[in-house]
Amino acid sequence: MDNTTLPLHLSHVQKSSSIINRSHTLLHSTALIALIYYRIASFFQTTKPSDLPTTFSCLLVFTGELILSFIWFLGQAYRFRPVTRTVFPERLPENVELPAVDVFICTADPSKEPTLEVMNIVISAIALDYPPDKLHVYLSDDGGCSVTLEAMKEAWRFAKGYWVPYCRAYGIKTRCPEAYFLGEEGNTESSSGSEFMADRERVKEKYENFKSRVTRIRQNSTIIVNRDHAAVVEVINDVSIDEASQEDKAEEMPLLVYVSREKRPSLPHHFKAGALNVLAKVAKQTWQEKKLEEVPEDSFGPLPECLLSSSYRPLRGQIREARDETTDEEGEEIEMSPRNIIADLEERKKKKDAARAKTKAGSSAGGPTNQEEVADENLAPGDATESVAEGSTAEANAAAIEATVTPEA
């Protein structure tokens, strides 16, 4: 049977615990109902004025009993049907089928939220056991402090150069470096061979250096929580000198983005809710940009890499425009496969040739030449300022596509 049809986990009801918990809930509920009835009945039986102080005291006690009874009642939900689950990690889908994940981390004031602890959270998110191309990590710095940005760059260098390769090589489960090195999990999660121990000591030394650098940044900078600043969005992708020499064997890393939204004293910022809204918008825009860079594929194979070359800029504009036109006249979606794109380009080429033939006929008859008809009407908006001579380049590019990608009948 295909793994896609099998469940990822199974739940088993603990019948003995369920019977005990339900019996206790029934007994306790009966006692509470009797107590509530007794309290209410005693209030109606109070008729003497001298009993009013006692009645007031009993009312306070009764209010406390009602509050505690309500809290107890809310806690019975997960005891009513206790279950245990059996998971099947081997049935998980392949990496290509996993959904994309965005991790949002919020901070505001380094003096109240220690920078080193925040960076440990960032490193833990970067090192998650998930496909790097489907994992994006965003940190919202609502205070706009330079300390947080510089510390993020240091965290990126440490994670990319040492921590992430170490976790992937030895299957480390505790991905927070501070928690990992404080415990004894380093000796139990993997083999205690000499190579592992040597790598562990090396990574630990690099982590201590990372901590000292973050501490130095904190000490040498003045922490100012700015409430009047422009928006800053920066993709953290710094490469140190040591990493530059090892670029060929560098680990694939998730996307790490620093976000500091715009703040003005005259505009409401809605605190953390506003920060999360900005993170959601930045994440959406990031995935849209990533999808625009992807090349569509179907059973006939991918588009040739020549389309991504800078020398094919006019043609790239046409393809970008063709990919945006994903609905026909009836509103139905069109599959923008390589075959459809090539057919669309051929149709555009025919229209352009017809316009040129018409212009040439007008020129031979002695009429003025209209340069606007010669220009390609189907260029993308970014290519609208290209000269008329680029029409011949587009023809050559279309011919290159027809020679490179030939759809089968």
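Residue numbers are given in the UniProt record's numbering: position 325 of the sequence shown equals residue 325, and the series is strictly consecutive.
Note that beta-carbon positions come from the ideal geometry of N, C-alpha and C, so glycine has one too.
* Is the stretch 252-265 in contact with the stretch 219-235, if contact means three or more CB pairs nearer than 8 Å? -> yes
* **Reference Arg79; option with closest CA among Ser124, Met197, Cys167 and Ser18** => Counting from 1 along the sequence shown, the entry for residue 79 is found at position 79. Nearest of Ser124, Met197, Cys167 and Ser18 to Arg79, Cα basis: Ser18.
* **the ligand ATP heavy atom lying under 7 Å from the CB of Ala31** => The ligand ATP is not among the ligands present in this structure, which contains no ligands whatsoever.
* Length of the line joining the Cα atoms of His9 and Thr84 -> Taking the sequence shown and counting its residues from 1, the one referred to as residue 9 is at position 9. Taking the sequence shown and counting its residues from 1, the one referred to as residue 84 is at position 84. Each residue's Cα considered, the two are about 10 Å apart.
* Asked: What are the boundary residues of the beta strand (DSSP E) that Glu234 is part of?
  -> Within the sequence shown, numbered from 1, the residue matching residue 234 stands at position 234. Taken as a continuous stretch (DSSP letters only), the beta strand (DSSP E) holding Glu234 covers Val232 to Val235.
* Residues bridged to His9 by DSSP? -> The count along the sequence shown starts at 1 and reaches residue 9 at position 9. According to DSSP, which records beta bridges pairwise, His9 is partnered with Val87.
* To do: Give me whichever residues DSSP pairs with Cys106 in a beta bridge.
  => Reading the sequence shown from its first residue, position 106 is the one you call residue 106. Paired residue(s): Ser140.
* With contact counted as at least three CB pairs below 8 Å, one residue from each stretch, are the stretch 31-48 and the stretch 56-73 in contact? -> yes
* Neighbour-count burial assignment, Tyr180, 16 or more Cβ in a 10 Å radius -> Your numbering for residue 180 matches position 180 in the sequence shown. When all chains shown are included, Tyr180 counts as buried.
* Asked: Unbroken alpha helix (DSSP H) runs of length 4 or more, entirely within the stretch 112-158: which are they?
  -> 115-126 and 146-158
* Asked: Beta carbon of Cys167, beta carbon of Ala127: below 8 Å?
  -> Residue mapping note: residue 167 aligns to position 167 of the sequence shown, counting from 1. Residue mapping note: residue 127 aligns to position 127 of the sequence shown, counting from 1. Taking 8 Å as the Cβ cut-off, Cys167 and Ala127 qualify as a contacting pair.
* Asked: Identify the residues that DSSP records as bridge partners of His229: which are they?
  -> Numbered from 1 along the sequence shown, position 229 holds the residue referred to as residue 229. Per DSSP, Lys263.
* Just tell me which of Pro82, Thr222, Val233 and Asn220 has its CA closest to the CA of Gln14. => Position 14 of the sequence shown, counting from 1, holds the residue named residue 14. Measuring from the Cα of Gln14, the nearest candidate turns out to be Pro82.
* How is the alpha helix (DSSP H) around Met253 delimited, first residue to last? -> Here residue 253 refers to the residue found at position 253 when the sequence shown is read from its first residue. Segment: none, Met253 is in no alpha helix (DSSP H) and carries neither H nor E.
* When you compare only the Cα positions, how much space is there between Ala375 and Asp353? -> Indexing the sequence shown from 1 puts residue 375 at position 375. Indexing the sequence shown from 1 puts residue 353 at position 353. Low local confidence applies: a pLDDT of 42 at Ala375 is under 50, so the model's placement there is unreliable, with the coordinate-based value given in what follows. Computed Cα separation, rounded: 11 Å.
* **Local Cβ density within 10 Å of Thr222, reported as buried at 16 or more and exposed below that** => Along the sequence shown, read from residue 1 onward, the residue named residue 222 stands at position 222. Its Cβ having fewer than 16 others within 10 Å, Thr222 is exposed.
* Asked: Which residues share a DSSP beta bridge with Tyr258?
  -> Along the sequence shown, read from residue 1 onward, the residue named residue 258 stands at position 258. Tyr258 pairs with Leu139 and Glu234.
* To do: Closer than 7 Å by C-beta to Ala155: which residues in its own chain qualify, once you throw out the five before and the five after it? Chain order, please.
  => Working through the sequence shown from its first residue, we reach residue 155 at position 155. Here the set comprises Met119, Val122 and Ile123.
* First through last residue of the alpha helix (DSSP H) which encompasses His24 -> If you number the sequence shown from 1, residue 24 lands on position 24. From DSSP, the alpha helix (DSSP H) with His24 extends over Lys15 to Phe44.
* Using DSSP bridges, identify the partner residues of Val214. => Your numbering for residue 214 matches position 214 in the sequence shown. Val214 pairs with nothing; no bridge assigned.
* To do: Using the Cα positions of Thr55 and Phe43, report the straight-line distance between them to the nearest angstrom.
  => By 1-based counting over the sequence shown, the position of residue 55 is 55. By 1-based counting over the sequence shown, the position of residue 43 is 43. Cα to Cα, the separation comes out at about 7 Å.
* Candidates Gly143, Ala151, Glu234 and Val203: closest to Trp172 by CA position -> Residue 172 sits at position 172 when you count from the first residue of the sequence shown. Per the sequence presented here, residue 172 reads as Ile, with Trp not at that position. Among Gly143, Ala151, Glu234 and Val203, the Cα nearest to that of Ile172 is on Val203.
* **Minimum C-alpha distance to Ser260 - residue among Gly144, Cys58 and Asn95** => Here residue 260 is taken as the residue at index 260 of the sequence shown, counted from 1. Minimum Cα distance to Ser260 is reached at Gly144.
* Asked: Tell me which same chain residues have a C-beta within less than 6 Å of the C-beta of Ser11, skipping the five on either side of it?
  -> Position 11 of the sequence shown, counting from 1, holds the residue named residue 11. Answer for Ser11: Val83 and Arg85, listed in chain order.
* How is the alpha helix (DSSP H) around Leu182 delimited, first residue to last? -> The residue given as residue 182 occupies position 182 in the sequence shown. Run containing Leu182: Pro177 to Leu182, per the alpha helix (DSSP H) assignment.
* Asked: Nearest to Ser214 by alpha carbon, out of Trp163, Thr174, Arg157 and Leu256?
  -> One-based indexing of the sequence shown puts residue 214 at position 214. For the record, residue 214 in the displayed sequence is Val; it is not Ser. Nearest of Trp163, Thr174, Arg157 and Leu256 to Val214, Cα basis: Arg157.
* Proximity below 8 Å, CB of Ala162 to CB of Lys211 -> Taking the first residue of the sequence shown as 1, we reach residue 162 at position 162. Taking the first residue of the sequence shown as 1, we reach residue 211 at position 211. As written in the sequence, residue 162 is Tyr, which differs from the Ala given in the question. Going by C-beta atoms, Tyr162 is not nearer than 8 Å to Lys211.
* By Cβ distance below 7 Å, which residues in the same chain neighbour Gln178 in space, the five residues on each side in sequence not counted? -> Position 178 of the sequence shown holds residue 178. In the sequence under discussion, the amino acid at residue 178 is Glu, which differs from the Gln named in the question. Excluding positions up to five away in sequence, the list reads Asn120.
* **Leu98 classed as buried or exposed, judged by whether at least 16 other C-beta atoms fall within 10 angstroms** => On the sequence shown, residue 98 is found 98 positions in, with the first residue counted as 1. By the neighbour-count rule (16 or more Cβ atoms within 10 Å), Leu98 is not buried but exposed.
* Among Ala275, Glu234 and Arg218, which has the Cα closest to the Cα of Glu113? -> Sequence index remark: in the sequence shown, residue 113 carries index 113 (1-based). Comparing Cα-Cα distances from Glu113 to each of Ala275, Glu234 and Arg218, the minimum goes to Arg218.
* Asked: Which first and last residues belong to the alpha helix (DSSP H) in which Arg168 is found?
  -> As a first step, residue 168 must be located in the sequence shown, where it is residue number 168. Element bounds for Arg168: Val164 to Tyr170.
* Sorted by chain position, which residues of the same chain lie with C-beta nearer than 6 Å to Asn21's C-beta, five sequence neighbours on each side aside? -> Position 21 of the sequence shown, counting from 1, holds the residue named residue 21. Once the five neighbours on either side are set aside, the close Cβ partners of Asn21 are Arg79.
* Run of the alpha helix (DSSP H) containing Ala100, from where it starts to where it stops -> Counting from one through the sequence shown, the residue named residue 100 turns up at place 100. No alpha helix (DSSP H) holds Ala100; DSSP gives it neither H nor E.
* To do: Please look up how many angstroms separate the CB atoms of Cys106 and Lys272, rounded, as I've assumed it's under 8 Å.
  => In the sequence shown, the residue the question calls residue 106 occupies position 106. In the sequence shown, the residue the question calls residue 272 occupies position 272. Right, the Cβ-Cβ distance comes to about 6 Å (below 8 Å), so this counts as a contact.
* To do: Pick helix, strand or coil for Thr174, following the three-state DSSP scheme.
  => Position 174 of the sequence shown, counted from the first residue, corresponds to residue 174. Here Thr174 sits in coil by DSSP.
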